[in-house]
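Please read the structure below before turning to the comments.
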Amino acid sequence: MKLNALVVLGSIGVAAARYTANLNYHSPSAHHPFLGISLYKVVRRHDAAVRSIDAAALNFTHGVASGDPYATSVILWTRVSPEYDNDKSNTTVSGTVPLFNHDTQEYVRISTAPVCVNYEVATDRNMIDVVTSGQAYTSSDIDWTLKVEATGLKPFTQYYYQFIVCDSDNASPVGRTKTAPAPDDDVSELSVAVYSCSNYPFGFFNAFGHSVRKDSVDYVLHLGDFIYEYAEGAYGWGWAIDRVSQPNKEIRTLYDYRRRHASYRADSDAFLSFASYAWIPVWDDHEVGDNTWRDGMADHNNTEDSFIQDGLMYGGSGLSFDQRKMNAVRAYFEWMPIRQVEMDDNLRIWRSFSLGNLVDIIMLDTRQYDRSITDLYWNSEYIHEIQNDAGRSLMGSRQENWFYNQLSKSKNRGAAWRLIGSQVVFSRLNQSTTGFADDPYNMDTWDGYQANRNRTFQHLYNNNITNNIVMAGDSHMNWASDLVWLDEHDYDPETGAGSVGVEFSGSAVSSPCPHGQNITIDEANRNSAALVAGNRELLWQEMYYRGYYELTISQKAVHARYYGVPTLVQRTPLEVSLANFTVLRDANAVQRPIAGGVVESGAVKCGKVLQTNLTYDTATGEYSVHNLSTFGYDQIVD
């Protein structure tokens, strides 16, 4: 009997270790363990007689992914499940059911056996030269997702990886990833693709696949709004192109957020990008809801009225905003290849990466962590009145101080460049010149937090921290600006003298132009011209095309290349080169003439727009001229 007991205890210990290897059981925040999964309960529920669910019943439903590369490790992700649907085991039981009987499989399905998965990392696509491997469990508790840290790798090295269900030949597709250079490595050049705002019902995620087909970058940065929370028709009609987000309602519960991530990740170009590059993602607002801040969002806040309204008026489940936010965060960490890195504080996602002596990437959270109240549409006048209040912060004091320390540490260690990932546009932008804005400034961006922006500029200028590249998304428009503390430092728009860096902001993978989804190129370009004319530091603006940009970073310069996708209502490998910019080291401004004096679309300062309609086929590598007026973004098709 004692021997049998020891065997059972030993098997429980092994099982616990395999569960622990899966990072998705862990809480995103070490100070908030209730956001994690109780491994004690999972192991107790585990039927020791069953090592794993039958391999024949399992599918790798969403391929593979990797992310958050370090010099000697990288995060690997997959989902292996006996069903395509997402886990509902946290669902509240309702209706006429026996009391005290809600936890049985009769009402709530939950796994009593895990899925056992092996993972391997190799130097070749055929997975022959395996350099590291491991084993982990997953279960319904974490929506059958699996996230592990592959360790013992070499810096700045390309690897291939694969997951295999234990004791079977049921294997995932082979993924490709790349580790980061070690902080002290001498790195001559690397490239990143920068994306934001992928809205499923508005169209296909063509842009995600373009950098893969070109094999043009080392890593992918996503600045947020990977998913949107809306029901069909609230922000985009997907029915005409068979892209209705699931579940078809505004998402609130843990199941809802899991299902929405699954819906978006099923896009074939998203599938391809995640499997081909290591991602460094961060959230914006719509991973939770519209215009989020620390304690709420546009239509859901931590008040009794909001709680009741969400429960009764909009078909919600009567939950607080805090609970909704917890649901969104749990699903995000389950579905994204992201580390629980130094998660010693509330919902921390802000983090940095040192890529050799070339560049430090500093990813901020300007939305969820500790943001002061923002424009919620009904309080716009109030936000306008307090926009320069010294106590307002996009990041909260802890993250803000960390940010300034990271900037100083980056300069002191001798990194050539600093890439700063901000969800919202950093530069001051007067949008009243287009005639579309009631308020000249967007209070939901850094313009609504002027004291915070001034403190950032003060730290950069006072400490002579130069060679800064701010990256932004959220606006659904393309922008290129010199980084200038206007009214505090002299600035010459003709040369860029007085700038402390550059901001490159991208439009969107598929989210629409804020001036109208079906805006014409001519109308869009007129609006862009008005914006460029009305803002001294704004060098180029473009609002027609959906797309992305790539940054090639070398010791001598940063080259930014913007690409537009001619249509979203069908899959296409075609893209249009919109504009190219160069920032020389220590110049701290876009090289003149701006974009070589010529851009494909939008408006450029001291230059011209020359519409060539030249497209590049990322699948074949061929150039051709298309009548782009026959393309477009209109979803309503016959």
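Throughout the sequence shown, residue numbering follows mature numbering (1 follows the signal peptide of the UniProt record, and there is no 0), covering -17 to -1, 1 to 621 in sequence.
Note that the Cβ used here is the ideal one computed from N, Cα and C, for glycine as well.
| query | result |
| --- | --- |
| Given this structure, state the Cα-to-Cα distance separating L(-9) from H283, to the nearest angstrom. | Residue confidence for L(-9) is low, a pLDDT of 40 falling below 50, so the modelled location carries little weight; the figure read from the coordinates is stated next. Cα to Cα, the separation comes out at about 47 Å. |
| What is the DSSP secondary structure of E558, reduced to helix, strand or coil? | strand |
| Take A133 as the anchor and find which of W127, V114 and S123 has the nearest alpha-carbon. | V114 |
| Taking 9 Å as the cut-off, decide whether the C-beta atoms of T565 and G615 are in contact. | no |
| So, for R401: in the same chain, excluding its five sequence neighbours on each side, which residues have a beta-carbon less than 6 Å away from its beta-carbon? | D343, S393 and N451 |
| Rounding to the nearest angstrom, what Cα-Cα distance links A176 and R27 in this structure? | 44 Å |
| Going by beta carbon distance, what residues of the same chain come within less than 7 Å of P65, once the five residues before and after it are set aside? | I36, A40 and L41 |
| Reducing DSSP to helix, strand and coil, say where A(-2) ends up. | helix |
| Based on the DSSP secondary-structure assignment, which residues constitute the bridge partners of E172? | S537 |
| Of all the options G397, Q382 and D51, which has the alpha carbon lying nearest to the alpha carbon of P166? | G397 |
| Would you report the Cα separation of P16 and L330, rounded to the nearest angstrom? | 11 Å |
| For T417, name the three-state secondary structure that DSSP assigns. | helix |
| Can you give the Cα-Cα distance for V227 and C149, rounded to whole angstroms? | 35 Å |
| From H205, P52 and G489, pick the residue whose C-alpha is nearest to that of G530; which is it? | G489 |
| Per DSSP, what kind of secondary structure is Y144 in: helix, strand or coil? | strand |
| With DSSP collapsed to three states, give me the class of H14. | coil |
| Considering only C-alpha positions, which residue in the set W385, S194 and L377 is nearest to V407? | L377 |
| Could you check where the beta strand (DSSP E) with M346 kicks off and where it finishes? | V342 to M346 |
| Entirely within the stretch 542 to 598 and at least 3 residues each: give me those beta strand (DSSP E) ranges in chain order. | 557 to 567 |
| According to DSSP, simplified to helix, strand and coil, what is T160? | strand |
| Flag this pair as yes or no: are the beta carbons of residue 625 and A399 separated by less than 9 Å? | For residue 625 there is no data in the structure shown, the boundaries of the chain being -17 and 621. |
| In this structure, does DSSP put I619 in helix, strand or coil? | Any reading at I619 needs caution, since the residue's pLDDT is 46, under 50, leaving its predicted position unreliable; the model's value is listed next. Reduced to three states, the DSSP call for I619 is coil. |
| Leaving out the 5 sequence neighbours to the left and right, which residues in its chain are closer than 8 Å to G186 when beta-carbon positions are compared? | I224, R226, S493, R529, T550, L551, V552, Y616 and Q618 |
| With the cut-off set at 9 Å, would you say T44 and L22 are in Cβ contact? | no |
| Just mark R334 as buried or exposed, buried being the case when its beta carbon has 16 or more other beta carbons within 10 Å. | buried |
| Kindly give me the distance between the Cβ atoms of E520 and D569, rounded to whole angstroms, as I take these residues to be in contact under 8 Å. | Contact doesn't hold; Cβ gap of about 19 Å is too wide. |
| Does the beta-carbon distance from A258 to S181 come in below 9 Å? | no |
| Please classify Q141: is it buried, with 16 or more other beta-carbons within 10 angstroms of its beta-carbon, or exposed? | exposed |
| What three-state label does DSSP hand K130 in the structure shown? | strand |
| Comparing C-alpha positions only, which one of V467, R277, L237 and Q524 sits nearest to G484? | V467 |
| Would you identify the three-state DSSP class for I58, choosing helix, strand or coil? | strand |
| Can H609 and L561 be called in contact, C-beta distance under 9 Å? | no |
| May I ask which residues mark the beginning and end of the beta strand (DSSP E) holding N445? | Run containing N445: none in the beta strand (DSSP E); it sits in the alpha helix (DSSP H), Q433 to N445. |
| Per the DSSP calculation, E525 is bridged to which residue(s)? | N461 |
| Based on the DSSP secondary-structure assignment, which residues constitute the bridge partners of D250? | Paired residues: none, contrary to the question. |
| Starting from S607, trace the beta strand (DSSP E) in both directions and tell me its first and last residue. | Y606 to V608 |
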